[in-house]
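Residue numbering for the sequence shown is 33 to 613, as defined by my numbering. Reviewing the structure listed below.
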Amino acid sequence: MRLSSYLGWQEEQMSLAFSTRGLTKTYEVGDDRVVALDCVDLEVPAGDYLAIMGPSGSGKSTLLNLLGCLDSPTSGVYELAGREITGLSDDELSSIRCRSIGFVFQSYNLIPYLDVLDNVRVPRSYERATAANTDSIASLAELVGLGDRVDHRPQQLSGGQQQRVGIARALVNDPDFILADEPTGNLDSKTTAEILDLLDELHARGKTIVLVTHEKEVAQRASRIIRMKDGRVEEDYRNRPLGSGQDKEGNKDQGSGEEAHDRRVGRAGSTFGKAAFMSIATHPMRSLLTALGVFIGVASVIWLLAIGEGIAVEAEDEIMALGANSIVLSSKRPPEEQRLSRGKYFNSYGLTENDYYKIKETVPHLGALFPTREINNRTVFSSHDQTRAEILGCLPNYRNLHDLQLVKGRFLTEEDNLSQAEVCVLSSALSKTLFPFKDPLGQSVTTEGNLYEVVGVVAPQRELKDESNLGFKELFEDNLYLPIETMWSKFFDHYYRAADGSNMVSKITLRVEDPDKLFTIAQMTQDILDRDHEMDDFQVTVPLELMEQAEKARMTFIALMGLVAGISLVVGGVGIMNIML
């Protein structure tokens with residue numbers, strides 16, 4: 033029997049707490065369409081006490097979710113206090129849930145580290161809460177019979193007392209009606225009676241109550257009972273006449289969704305901040321481990337990104353130390369099959385003095401050329417000591433290439449080179465090793481059977497280690513600098529003369545006047561050397577090109593490290609959330 037015919041004129045005289053027309057909810061499960069709620073029509077007057085019964089799967093929970101604005105219907109109309117809400121936004125629905133509907137749960141859902149007052153106050157954190165509200169919250173605790181336990185936490189309360197806290201929490205914002213989902217499902221018979229008596233008292237005070245239950249005895253407390261089956265209202269009858277109640281307007285200003293959102297953001301901080309600190313104090317070890325996990329995750333991200341950035345920056349600094357407008361030509365060992373094709377004992381390969389002069393004469397737009405001949409790990413003697421050193425033959429302009437700073441004395445001169453003078457310049461470290469107790473200037477050193485006068489000492493210099501073997505390696509710590517002509521005339525090694533009788537050169541650095549022509553000149557130089565060399569015994573390196581490649585590699589490396597670290601952080605965070613939830 034429909035409620036409208038049963039109530040007659042009474043419902044025409046009373047405002048409705050809420051009503052539904054054709055309320056339907058369906059779910060798509062694979063290819064199947066499941067109807068959870070099928071065209072439910074309800075009219076519930078303000079101040080009514082409604083019990084909803086039915087077996088599992090009858091649609092009770094679905095209806096309760098829709099009435100509580102926790103879900104949206106597939107079709108139909110839901111009006112709350114005369115206002116249709118089926119088309120409202122999430123923020124507007126949140127405001128309605130907060131101000132117009134009170135929820136009572138079977139499992140209480142209390143926050144374990146908050147006391148009774150703070151648990152009751154939680155919904156107020158979304159509203160205009162002030163210090164004066166403490167008295168009204170204490171009054172609610174008194175109303176539900178917990179006036180002497182306001183400072184107790186949930187674990188210090190019985191099941192019935194916890195449910196009383198839940199009821200007080202549902203009332204704190206003076207809602208239009210209360211939704212109670214199996215509020216006595218976890219209670220014994222005595223406590224059940226106490227909770228039902230409390231609901232009866234609230235109903236007598238004019239509150240609209242919607243109660244979901246499986247128990248007939250519980251449902252008999254309600255003024256009206258609805259039985260559901262297969263998503264439909266199967267039976268709807270009044271258990272007792274509708275009480276006078278309190279005809280509430282029920283049309284509170286819900287506020288716009290934006291206003292509600294601003295209120296929640298602006299006023300939730302203090303309550304939830306307090307709850308957070310209380311949670312930390314209640315579970316210090318859990319909080320410490322949680323914070324430690326997040327700290328390790330964040331530190332890992334920073335650490336990995338910093339390492340990648342540091343490696344890339346170091347490589348870029350080495351490259352740019354050569355100059356953005358430089359081209360480096362360097363000798364290298366040719367492939368074994370090319371070398372052996374010249375004979376088992378063929379050792380002459382790489383750049384030569386002839387290459388240097390040909391490039392100098394034929395390649396345009398060159399500001400300077402810096403040829404060097406390097407012989408590694410040779411013994412150098414002084415009157416006090418001996419050590420192993422790197423012998424580097426160069427022109428006087430080599431000092432400008434790497435901005436070598438003199439500690440004392442002078443650097444090599446053009447006259448030294450032209451006259452093949454037996455003079456040398458020592459690195460600062462080599463000078464301290466060979467002459468620990470005297471001024472090295474004017475002293476003599478011996479290497480490879482030749483005597484050289486020390487005319488200068490250069491300061492320590494940043495070394496270019498070239499760990500990728502790109503051809504620009506420069507080590508300065510234990511260098512002994514000689515005029516290149518002196519080195520060609522005084523030193524013998526297996527690579528002393530090239531196949532054409534020209535002196536060997538380890539490296540030639542080119543400085544280009546116009547950086548825009550850098551790659552053109554590099555290609556021109558490559559073509560000249562390709563024509564003159566029958567083996568792949570040299571390489572051309574453009575630092576600017578390496579710089580661009582290094583930047584791309586750096587960004588790729590940082591992105592990769594960031595991705596790995598980010599995934600680790602997310603996985604760790606999910607693990608923490610899994611434990612916390």
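Glycine included, every Cβ here is placed at the ideal spot set by N, Cα and C. It should be emphasised that the depicted structure is a prediction, and the values quoted were computed from it without experimental measurement.
- Secondary structure at Met260: strand, using DSSP grouped into helix, strand and coil.
- At a Cβ-Cβ threshold of 8 Å, Val76 and Ala49 count as neighbours.
- Remark: C-beta atoms of Arg410 and Glu480 approach each other more closely than 8 Å.
- For the pair of segments examined, the region 98 to 110 was found not to touch the region 229 to 241: the number of CB pairs separated by less than 8 Å stays below three.
- Counting C-beta atoms within 10 angstroms of its own C-beta, Pro87 has fewer than 16 neighbours from the protein chains shown and is therefore classed as exposed.
- The Cβ-Cβ distance between Glu509 and Ser451 does not fall below 8 Å.
- Excluding sequence positions up to five before and after Gln194, its CB lies within less than 7 Å of the CB of Tyr140, Leu142, Pro186, all in the same chain and listed in chain order.
- Around the beta carbon of Trp335, fewer than 16 other beta carbons sit within 10 angstroms, so the residue counts as exposed.
- With contacts defined as CB atoms closer than 8 Å, Leu398 and Glu545 qualify as a contacting pair.
- Each of Lys248, Val250, Gln138 was checked against the Cα of Ala212, and the nearest Cα belongs to Gln138.
- Taking 8 Å as the upper bound for CB-CB distance, Glu422 and Asn408 are in contact here, some 5 Å apart.
- Checking the DSSP bridge columns, you'll see Val72 partnered with Leu55.
- In the DSSP assignment, Lys239 falls outside any beta strand (DSSP E), carrying neither H nor E.
- A Cβ-Cβ separation of about 7 Å places Val242 in contact with Ile84 under the 8 Å criterion.
- Per DSSP, the beta bridge partners of Leu424 are Glu406, Tyr513.
- Around the C-beta of His434, 16 or more other C-beta atoms lie within 10 Å, and the residue is accordingly described as buried.
- In the three-state reduction of the DSSP assignment, Gly134 falls in the strand class.
- Within the DSSP bridge table, the entry for Leu438 names Val490 as partners.
- Straight across, the Cα-Cα distance linking Phe524 with Met536 is about 11 Å.
- Approximately 6 Å separates the beta-carbon atoms of Leu512 and Leu462; this is inside 8 Å, confirming the contact.
- With fewer than 16 other beta carbons inside 10 angstroms of its own, Asp167 counts as exposed.
- Leu102 is bridged by DSSP to nothing; it lacks a bridge partner.
- For Glu393, the enclosing alpha helix (DSSP H) covers residues 385 to 394.
- Between the alpha carbons of Ser90 and Val602 lies a gap of roughly 40 Å.
- Residue state for Arg270 is assigned as strand, using DSSP reduced to three classes.
- Across the set Asp147, Tyr59, Leu82, Ser221, the C-alpha of Tyr59 shows the shortest separation from the C-alpha of Ser107.
- Secondary-structure assignment with DSSP links Leu483 through a beta bridge to Thr478.
- By the CB criterion at 8 Å, Lys57 and Thr94 fall inside the cutoff.
- In its chain, beyond the 5 residues on either side, Pro105 have a beta carbon closer than 6 Å to the beta carbon of Leu98.
- Met556: member of the alpha helix (DSSP H) spanning 550 to 564, first to last residue.
- Restricting attention to beta strand (DSSP E) runs no shorter than 3 residues, the region 152 to 236 encloses them at 209 to 213, ordered along the chain.
- In this structure Pro515 is buried. Its beta-carbon is surrounded by 16 or more other beta-carbon atoms within 10 angstroms.
- Closest option to Arg272, judged by alpha-carbon separation, among Asp262, Ala254, Gly263: Ala254.
- Residue range 248 to 251 is occupied by the alpha helix (DSSP H) that includes Val250.
- Around the C-beta of Ala597, 16 or more other C-beta atoms lie within 10 Å, and the residue is accordingly described as buried.
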